[in-house]
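In my numbering, the protein residues as written are 19 to 197.
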C-alpha cells in the first residue's frame with residue numbers, strides 16, 4: 019500500500035513539473051521577430067527562434083493565390099519543438115492539419131499554438147494532445163494577417179503540420195453596392 023502511494027505521489031509531482039516547464043517555456047518564449055512580407059527588400063527577416071531543431075519545410079509556399087478553394091501555404095515536419103517562420107493568410111478562413119506519431123504514448127505530448135505575427139500577441143488557437151499517434155484538423159476563421167506557429171513536442175517519432183488557406187471566389191469577395 020505504501021509503494022502505491024509513493025508511486026502516485028511521484029507521478030503527480032512529475033506531471034506537475036512537466037506542466038510547469040511547458041508553461042514557463044510558452045510564457046517566457048518570444049515570437050520570432052520576422053519582417054512582414056510587405057517590407058522593403060533591403061531588410062532581411064531575422065531567423066526564427068528555435069531551441070531544438072531547424073524548420074523542416076516539406077513543401078514550398080503556394081503559387082500566387084489566384085485560384086479558389088483550399089491552397090496549401092506551408093508544411094512543417096519534425097520530432098521536437100519548433101517556432102516556424104511567419105506565413106501570410108490571405109483569406110478569412112484557413113485550416114491546420116496535424117499528424118503525430120508517438121515514440122512512447124505514455125510520455126508523448128504535442129502542443130500547437132497559433133500566433134499573429136505582431137508584438138505581444140496572444141495565441142488565436144491552441145491544440146494540445148498527449149498519448150497515442152493521431153491526426154486532426156482545426157479551422158480558424160480569421161485572416162488577412164501574417165501568422166506563425168509554436169510547436170511543443172516531446173517523445174514523438176515525428177509530427178507534420180500543414181497550413182491551408184481558403185480562397186473564396188472573386189464574386190463572393192465583392193461587396194454589395196448601395197444605390
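Don't be surprised by glycine CBs; every beta carbon is placed ideally from N, CA and C.
Might you give, ordered along the chain, the residues of its own chain that have their beta carbon closer than 6 Å to the beta carbon of residue i, omitting 5 neighbours on each side?
i	result
residue 104	52, 135, 164, 166
residue 113	155, 157, 182
residue 147	128
residue 91	80, 105, 181, 183
Where residue i and residue j are concerned, what is the direct C-alpha to C-alpha distance, given to the nearest angstrom?
i	j	result
residue 171	residue 186	33 Å
residue 97	residue 140	25 Å
residue 87	residue 175	32 Å
residue 121	residue 151	9 Å
residue 116	residue 137	26 Å
residue 119	residue 179	12 Å
residue 184	residue 173	33 Å
residue 101	residue 169	6 Å
residue 108	residue 153	25 Å
residue 130	residue 145	5 Å
Short of 8 Å in beta carbon distance, which residues of its chain neighbour residue i, apart from the five on each side in sequence? Order them along the chain.
i	result
residue 69	For residue 69, the predicted model reports a pLDDT of 43, less than 50, meaning its position is unreliable; a value from the coordinates is still stated below. Here the set comprises 99.
residue 177	95, 96, 97, 116, 117, 118, 119, 128, 169, 171
residue 161	107, 108, 109, 110, 111, 112, 183
residue 125	172, 173
Measure how close the beta-carbons of residue i and residue j come, nearest whole angstrom, since I'm counting them as under 8 Å.
i	j	result
residue 157	residue 85	That belief does not hold up - the Cβ atoms of residue 157 and residue 85 are roughly 19 Å apart, past 8 Å.
Per DSSP, which one or two residues make a beta bridge with residue i?
i	result
residue 146	129
residue 96	177
residue 168	101, 131
residue 118	152, 177
Is residue i helix, strand or coil by DSSP?
i	result
residue 161	coil
residue 87	strand
residue 124	coil
residue 113	strand
Who are the near neighbours of residue i in its chain, counting only those whose CB is closer than 7 Å to its CB and skipping five residues on each side?
i	result
residue 143	132, 156, 158
residue 123	149, 150
Between residue i and chain B, is the shortest Cβ-Cβ distance under 8 Å, so that the two count as touching?
i	result
residue 134	The structure shown contains no chain B; it holds only a single protein chain.
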